[in-house]
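Residue numbers (our numbering), protein chains in the order written: chain A, 1 to 170; chain B, 1001 to 1449. Even glycine gets a Cβ: it sits at the ideal position worked out from N, Cα and C.
Dropping the structure here:
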């Protein structure tokens, strides 16, 4: 905790009482993905134990390392997912994310060119979806993952409607 | 002098000499190819390579001319009753291309070296949108190409009437602007200055210095590994310089009815028209060694430009120019912007712990219509954009910045070379800057048109 802590809070503060947070199911989805990736890691560590010429300590150290990283990322996913939030203001959408590097994106409704709604196989199984906003700039990075499908569809429709309203008003 | 309009109501052809120009253009390539690539064959059949490659090149040029003539007889262009430019072509597979002139983006006269020597140019017509969006007419005598260009631009301008084209804002920008009817020469770049500026670029100087070091090292130690490295460090900037020199030689910038007209190139003359309304952001770049001459490069991000070896969205408005001249050009692009009186808000002194080299130069400024950011120490960059062009605003803060009470605010524009970012600004004002800019962007957009 540093002397700038309250400034950080103020800089990333929600416009109203609080950010709309995403579904905790996203934590499950990402931990499943992590575990699937770890199947590959296990696959590459296993031979270290089985091949007799490799010294035992190498196998022990790499297994311990893999385990520590697994637990750490597992914990990190929880924090990262809880960091996502969004807020719809009168004229723009705000999206926050990140723990180590914190981000806040402001997209005026009039600038939205497209709103994407996507859901991968794990997402569909768990019942979550991702809403992504596109503007004419490629650098706009406004993605809200882990929304319940109904909320996501409603949000997309709301955003699209506001976008059209603002563009037509010009 | 405005050239006489060309009657485009009936189908027209390109110049009858086109097949010949096409054939002449293939000769050098085929000749060199046959001479070098097929070198072994000439030895095997005991025939002089110079002669063999020559005969081969002439034969292939003949065939090219024959097919060129055939396709020439099949190619016609005209403006149809709907006002679209139609280009019919194709020997076996007929192709009827329709370009909607109301969505015209550019009409460029391009002169490849050999064609130019024979007095011919190509005309490239591009319209917005996917699919049939581009047509190339090759070849036309230069005068005729210029006439045709004017005629097409004129037609497009009449079609891009704000009344019936409310959705196409950029076409409207072009149509409603009323600069003088004739082109006004705004700037040229002398060859010596261009060459000097390329040599004095930071990357060039650094790499050449390294090359000298490697060469000295080679001589002293008689180890040739360093020489190989020297070839790379010396060769890369050399090719870069030659490439840029060929591209930007004979540079001229003109103001025309339909925007800024860029013309440059030694072996191949490129003519580009950049409608002012399409310019999203402008950047001044001043490398360390240019500053004693007070030179800057001016480049811009232009919406919807790309393809054919060009970086997306990139337009170099001036490869190198004295600062005064650059400021005048800036006035053409973003009227009313006084760069020297911008109310810069500097990054706080503690930013030195995050950006030890450039912290003193980091700043942002917002005035009525424009947002600007400043960065760089060795190579200084000032990026500027009208608020109306900002698509979104991003506030980011890394762990080290958090410790120092700093954050960066990025202002997103369409893809291109110019990045607007207020680096390491005071955390206490960062959020307000982001919120305010989102607001200004929205307001500016509402009042803009």
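So, at 7 Å on beta carbons, what are the nonlocal neighbours of residue i in its own chain, with the 5 sequence-adjacent residues on each side left out?
i, result
"residue 1201 (chain B)", "1287"
"residue 97 (chain A)", "83, 84 and 103"
"residue 1354 (chain B)", "1400, 1401, 1404, 1406 and 1424"
"residue 1217 (chain B)", "1226"
"residue 1363 (chain B)", "1344, 1345, 1346, 1347 and 1374"
"residue 1001 (chain B)", "Since pLDDT at residue 1001 (chain B) reaches only 45, below the 50 mark, its modelled position is unreliable, and no value is offered."
"residue 19 (chain A)", "85, 86, 87 and 96"
"residue 1018 (chain B)", "1068, 1072, 1138 and 1139"
Return the chain-ordered list of same chain residues with a C-beta closer than 6 Å to the C-beta of residue i, the five sequence neighbours on each side being excluded.
i, result
"residue 1112 (chain B)", "1268"
"residue 1204 (chain B)", "1237"
"residue 950 (chain B)", "The structure shown does not extend to residue 950 (chain B), since chain B is modelled only from 1001 through 1449, so no value can be given for it."
"residue 1256 (chain B)", "1183"
"residue 155 (chain A)", "131"
"residue 14 (chain A)", "87"
"residue 1325 (chain B)", "1187"
"residue 1079 (chain B)", "1008 and 1085"
"residue 1315 (chain B)", "1274, 1300 and 1302"
"residue 41 (chain A)", "66"
Let me check one thing: in DSSP terms, what residues is residue i bridge-paired to?
i, result
"residue 6 (chain A)", "None; residue 6 (chain A) has no bridge partner."
"residue 1284 (chain B)", "B:1298 and B:1382"
"residue 1076 (chain B)", "B:1088"
"residue 1104 (chain B)", "B:1127"
"residue 1094 (chain B)", "DSSP lists no partner for residue 1094 (chain B)."
"residue 1422 (chain B)", "B:1409"
"residue 1138 (chain B)", "B:1122"
"residue 1188 (chain B)", "B:1252"
"residue 1397 (chain B)", "A:102"
"residue 147 (chain A)", "A:129"
"residue 1374 (chain B)", "B:1363 and B:1382"
Roughly how many whole angstroms lie between the Cα atoms of residue i and residue j?
i, j, result
"residue 1439 (chain B)", "residue 9 (chain A)", "21 Å"
"residue 1279 (chain B)", "residue 1067 (chain B)", "42 Å"
"residue 1115 (chain B)", "residue 1349 (chain B)", "58 Å"
"residue 1412 (chain B)", "residue 1191 (chain B)", "35 Å"
"residue 159 (chain A)", "residue 1395 (chain B)", "21 Å"
"residue 126 (chain A)", "residue 49 (chain A)", "36 Å"
"residue 144 (chain A)", "residue 94 (chain A)", "10 Å"
"residue 1233 (chain B)", "residue 1225 (chain B)", "13 Å"
"residue 956 (chain B)", "residue 1137 (chain B)", "This structure cannot speak to residue 956 (chain B), because chain B is shown only from 1001 to 1449."
"residue 1429 (chain B)", "residue 135 (chain A)", "26 Å"
"residue 1169 (chain B)", "residue 1102 (chain B)", "With a pLDDT of only 43 at residue 1169 (chain B), under the threshold of 50, the placement of this residue in the model should not be trusted, and no figure is reported."
"residue 1370 (chain B)", "residue 1258 (chain B)", "23 Å"
"residue 105 (chain A)", "residue 63 (chain A)", "39 Å"
"residue 221 (chain A)", "residue 77 (chain A)", "Because chain A is modelled from 1 through 170, residue 221 (chain A) falls outside the range shown and cannot be assessed."
"residue 1098 (chain B)", "residue 1026 (chain B)", "29 Å"
"residue 1149 (chain B)", "residue 1009 (chain B)", "15 Å"
"residue 66 (chain A)", "residue 1397 (chain B)", "29 Å"
"residue 1301 (chain B)", "residue 74 (chain A)", "42 Å"
"residue 1005 (chain B)", "residue 1152 (chain B)", "9 Å"
"residue 1244 (chain B)", "residue 1299 (chain B)", "14 Å"
"residue 1377 (chain B)", "residue 1366 (chain B)", "21 Å"
"residue 1252 (chain B)", "residue 1312 (chain B)", "22 Å"
"residue 1069 (chain B)", "residue 1045 (chain B)", "33 Å"
"residue 72 (chain A)", "residue 99 (chain A)", "14 Å"
"residue 153 (chain A)", "residue 117 (chain A)", "7 Å"
"residue 1024 (chain B)", "residue 1199 (chain B)", "35 Å"
"residue 36 (chain A)", "residue 120 (chain A)", "15 Å"
"residue 164 (chain A)", "residue 22 (chain A)", "26 Å"
Comparing the C-beta of residue i with each C-beta of chain D, is any distance below 7 Å?
i, result
"residue 1256 (chain B)", "Absent from the structure: chain D. Protein chains present are A and B."
Under 8 Å Cβ to Cβ from residue i, same chain only, skipping five residues before and after it: list those, please.
i, result
"residue 1295 (chain B)", "1193, 1197, 1286, 1320, 1321, 1322 and 1323"
"residue 1271 (chain B)", "1108, 1109, 1110, 1261, 1262 and 1263"
"residue 12 (chain A)", "96, 102 and 104"
"residue 1418 (chain B)", "1280, 1281, 1282, 1283, 1299, 1300, 1301, 1383 and 1385"
"residue 1074 (chain B)", "1088, 1089, 1090, 1091 and 1094"
So, does the segment 103-113 of chain A touch the segment 147-155 of chain A, judging by three or more C-beta pairs under 8 Å? Judged by Cβ distances under 8 Å, the segment 103-113 of chain A makes no contact with the segment 147-155 of chain A, as fewer than three pairs qualify.
Start-end ranges of the beta strand (DSSP E) lying completely within the segment 1311-1359 of chain B, minimum 3 residues: 1314-1322
Within 8 Å, do at least three Cβ pairs link the segment 25-45 of chain A to the segment 1413-1427 of chain B? no
At which residue ranges does the segment 1202-1277 of chain B contain complete beta strand (DSSP E) runs of 3 or more residues, listed in the order of the chain? 1252-1256, 1259-1264 and 1270-1274
Whole beta strand (DSSP E) runs in the segment 54-122 of chain A with 3 or more residues, listed along the chain? 85-88, 92-97, 102-108 and 114-118
Residue ranges of each beta strand (DSSP E) within the segment 1008-1083 of chain B, 3 or longer: 1076-1079
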